[in-house]
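Student:
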Amino acid sequence: MSNEKEYVRGLRDVAACETQNSFVDPLGALYYVGYDIDRLLGRVCYEEVVHLLLYKRLPAQSELDAVRSTLFSEMSLPEQIIRGVRNAPKSRHPMEILRTEISHLGMFDSDPVDHSESANLRRALGLVAKVPALVAAIHRVRSGQETVAPKKEYGFAENFLYMFRGKAADEEERDAIERYMILHADHGLNASTFAARVTASTLSDMYSAVTSAIGALKGKLHGGASERVMNMLLSVDNLEEVDAYIQGMLFDGKKIMGFGHRIYVGEDPRSRHLRTISKALCQRIGRMDLYDKCRRIQAVVHKEKEIYPNVDFYAAIVLDALGIPKEFFTLFFASSRITGWTAHILEQYSDSVLLRPTSRYVGAYGTKFVPIKNRQPKNKKSPKKE
Numbered sequence: 000m001s002n003e004k005e006y007v008r009g010l011r012d013v014a015a016c017e018t019q020n021s022f023v024d025p026l027g028a029l030y031y032v033g034y035d036i037d038r039l040l041g042r043v044c045y046e047e048v049v050h051l052l053l054y055k056r057l058p059a060q061s062e063l064d065a066v067r068s069t070l071f072s073e074m075s076l077p078e079q080i081i082r083g084v085r086n087a088p089k090s091r092h093p094m095e096i097l098r099t100e101i102s103h104l105g106m107f108d109s110d111p112v113d114h115s116e117s118a119n120l121r122r123a124l125g126l127v128a129k130v131p132a133l134v135a136a137i138h139r140v141r142s143g144q145e146t147v148a149p150k151k152e153y154g155f156a157e158n159f160l161y162m163f164r165g166k167a168a169d170e171e172e173r174d175a176i177e178r179y180m181i182l183h184a185d186h187g188l189n190a191s192t193f194a195a196r197v198t199a200s201t202l203s204d205m206y207s208a209v210t211s212a213i214g215a216l217k218g219k220l221h222g223g224a225s226e227r228v229m230n231m232l233l234s235v236d237n238l239e240e241v242d243a244y245i246q247g248m249l250f251d252g253k254k255i256m257g258f259g260h261r262i263y264v265g266e267d268p269r270s271r272h273l274r275t276i277s278k279a280l281c282q283r284i285g286r287m288d289l290y291d292k293c294r295r296i297q298a299v300v301h302k303e304k305e306i307y308p309n310v311d312f313y314a315a316i317v318l319d320a321l322g323i324p325k326e327f328f329t330l331f332f333a334s335s336r337i338t339g340w341t342a343h344i345l346e347q348y349s350d351s352v353l354l355r356p357t358s359r360y361v362g363a364y365g366t367k368f369v370p371i372k373n374r375q376p377k378n379k380k381s382p383k384k385e
C-alpha cells in the first residue's frame, strides 16, 4: 500500500491559514495588521490594539471611547463564576482554574444561538474584558482577599493591575503593564492560536475555542516558560554563579528556559522592549540583581549556543517587579493574548473551512487477528505446559 504523504514534523513552516492579524518576520520584526510593533509601542494604548486586531484598523477617538466603555462594563463576572473560583481546590495551578471558568463563562452568554458577526464581536470584546477580570479574581480569592471592582477613570491595562493587586499603579507601572500587554497581544499562528482556530473551524462556539487555546498555553513548551525562567533566576544565588550554573545545564543537555524561537533567527523584538522595561522597573525597586543575572545568562547562552532570549525571558522579571506571583505569569500572558485569540477565531469563522490535516501512517498492515481467548497480556509469558 502506498502512503507517500509529505510529513512535516511539528508542522514547521507549514502555512495552515491566511491571516491579516499579525506577521512574525524571522529577521526580527513583529507586525499587527501591518503596523510594526516598534512603531506602535508607546504611541497607542492596549484598547487601541484590541480595536486594531478585532476590526483591522486603528480606532478614531469616538470608536476608542466606545471600546473602552464596552470593556469596562464587561469586566464584571457572574457570581457563579466567583463561586466556582472559591470552590476550586487550592492545590491546583491557577491555569487549571482559568481554563475551567472560561468554559463556564459560556453558560452565561446572553444569546448562545446567535452566531452572526456582530454577536461574535460582542463575545470577543466580552472575553477580552473578562479574562483579565477572572485572573484578578482567581488571585484575590486564593489569597483570601476581597475581589476589586474596576474604576471608570483607569485604562484597561491599569484596571487589570489594580483589580489584581488591590492598589493603584503609579505612572511607571501603568506604562509597563500597558507595554507588556501590547507586546503579548498576538504572535502569528502559535500553538494556542492554532488550537483556537482548529476548534473554531468546526463552527464550535467562541468559549470552546478560547478554552482550547488556554489548554494549549498551559503546556510547558508554550506558555509556562516565564514561570520557569523565574525559578531559574531564584536558583542562582548571585551573579558569580551564573556561568557555572548555565554551563552545567548545557553540559547536561538541559533547555535554558526563555531562549530560542521557532521563527526568529535573530533577536525577538518583544524581548528587546521587555529588557528595557525590566531594567527600569528593577532599578526603581532595588532589584538590579535580577536584571544583572538575566543579562549575564543572555551573554553566556549566546556565546555557547548563539541563540537569543524570547518573549518569556525578560517578561519574567517585568511581572515579578510589578508584584505578580510567578504562578500567575502564564495567566497574564493569556490576559493579553485573548485579543489575538479572539481575532483569529473571528477570522476562522469568516473563512468557514474545517481544519483537517492528514497524517502519514507508519503502522503495520495485514496483522493477523487473534481471538480474545488466545491473546496474552503484554510482557506476560505464556504458562509452561506440564
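To convert, note that position 310 of the sequence shown is 309 in numbering that gives the first Met the number 0; the numbers rise steadily by one, no gaps.
Here a beta-carbon is modelled for each residue, glycine too, at the ideal position from N, C-alpha and C.
When you compare the region 114-126 with the region 62-79, are there three or more beta-carbon pairs, one atom per stretch, that lie closer than 8 Å?
Tutor: yes
Student: Assuming the contact rule is C-beta atoms closer than 8 Å, Arg-355 and His-272 should be a hit. Round their C-beta distance to whole Å, please.
Tutor: Numbered from its first residue, the sequence shown carries residue 355 at position 356. Numbered from its first residue, the sequence shown carries residue 272 at position 273. Rounded, the Cβ-Cβ distance is 38 Å, inconsistent with contact.
Student: Could you tell me if Asn-230 is buried or exposed, where buried requires 16 or more neighbouring beta carbons within 10 angstroms of its beta carbon?
Tutor: Here the question's residue 230 lines up with position 231 in the sequence shown. If you draw a 10 Å sphere on the C-beta of Asn-230, you find fewer than 16 other C-beta atoms in it, and that means exposed.
Student: Which of the three DSSP states, helix, strand or coil, is assigned to Asp-236?
Tutor: For this step, residue 236 is matched to residue 237 along the sequence shown. Correct three-state label for Asp-236: coil.
Student: Under three-state DSSP, which class holds Tyr-31?
Tutor: As a working note, residue 31 is residue 32 in the sequence shown. Note: Tyr-31 maps to strand in three-state DSSP.
Student: What residue range is occupied by the uninterrupted alpha helix (DSSP H) comprising Asp-174?
Tutor: To locate residue 174, count along the sequence shown from 1; it is residue 175. 170-182 is the extent of the alpha helix (DSSP H) around Asp-174.
Student: For chain C, check one thing: does any of its Cβ atoms lie closer than 7 Å to the Cβ of Ser-117?
Tutor: Here there is only one protein chain, and chain C is not present.
Student: CB-CB under 6 Å to His-183, same chain, minus the five flanking residues each way: which ones, in chain order?
Tutor: One-based indexing of the sequence shown puts residue 183 at position 184. Taken in chain order, the residues that qualify are Phe-332, Ser-335 and Arg-336.
Student: Can you tell me which of Ala-14, Glu-46 and Arg-38 puts its alpha carbon nearest to the alpha carbon of Gln-60?
Tutor: Taking the first residue of the sequence shown as position 1, residue 60 is located at position 61. Comparing Cα positions, the closest option is Glu-46.
Student: Can you tell me where the alpha helix (DSSP H) with Ser-277 in it begins and where it stops?
Tutor: By one-based count along the sequence shown, residue 277 stands at place 278. Where Ser-277 is concerned, the enclosing alpha helix (DSSP H) stretches over 268-284.
Student: Measure the Cβ-Cβ separation of Val-235 and Val-228 and say whether it is below 7 Å.
Tutor: The sequence position of residue 235 within the sequence shown is 236, counting from 1. The sequence position of residue 228 within the sequence shown is 229, counting from 1. For Val-235 and Val-228, no; Cβs fall outside 7 Å.
Student: Which whole-angstrom value describes the C-beta separation of Leu-233 and Thr-329, a residue pair presumed to lie in contact below a C-beta threshold of 8 Å?
Tutor: Here residue 233 refers to the residue found at position 234 of the sequence shown. Here residue 329 refers to the residue found at position 330 of the sequence shown. Actually they are not in contact, since the Cβ atoms of Leu-233 and Thr-329 sit about 17 Å apart, beyond 8 Å.
Student: Are the region 72-92 and the region 125-141 touching by the rule of at least three beta carbon pairs closer than 8 Å?
Tutor: yes
Student: Roughly how many whole angstroms lie between the Cα atoms of Glu-385 and Asn-373?
Tutor: As a working mapping, residue 385 is identified with position 386 in the sequence shown. As a working mapping, residue 373 is identified with position 374 in the sequence shown. With a pLDDT of 45 at Glu-385, under the threshold of 50, the modelled position of this residue cannot be trusted; read the value that follows with caution. Cα to Cα, the separation comes out at about 18 Å.
Student: Would you kindly check if the distance between the Cβ of Leu-76 and the Cβ of Ala-28 is under 7 Å?
Tutor: In the sequence shown, the residue the question calls residue 28 occupies position 29. In the sequence shown, the residue the question calls residue 76 occupies position 77. Going by C-beta atoms, Ala-28 is not nearer than 7 Å to Leu-76.
Student: In angstroms with no decimal places, state the Cα-to-Cα distance between Glu-305 and Val-23.
Tutor: For the purposes of this step, residue 305 is identified with residue 306 of the sequence shown, where counting begins at 1. For the purposes of this step, residue 23 is identified with residue 24 of the sequence shown, where counting begins at 1. Roughly 20 Å between the two C-alpha positions.
Student: I'd like to know whether the C-beta atoms of His-388 and Asn-189 end up nearer to each other than 7 Å.
Tutor: Any question about residue 388 goes unanswered here, given that the chain covers just 0 to 385.
Student: What does DSSP give as the partner residue(s) for Asp-24 in the beta ladder?
Tutor: Sequence index remark: in the sequence shown, residue 24 carries index 25 (1-based). In DSSP, Asp-24 forms a bridge with Ala-28.
Student: Taking the C-alpha atoms as reference points, what is the distance between Asn-378 and Val-369?
Tutor: Sequence index remark: in the sequence shown, residue 378 carries index 379 (1-based). Sequence index remark: in the sequence shown, residue 369 carries index 370 (1-based). Cα to Cα, the separation comes out at about 17 Å.
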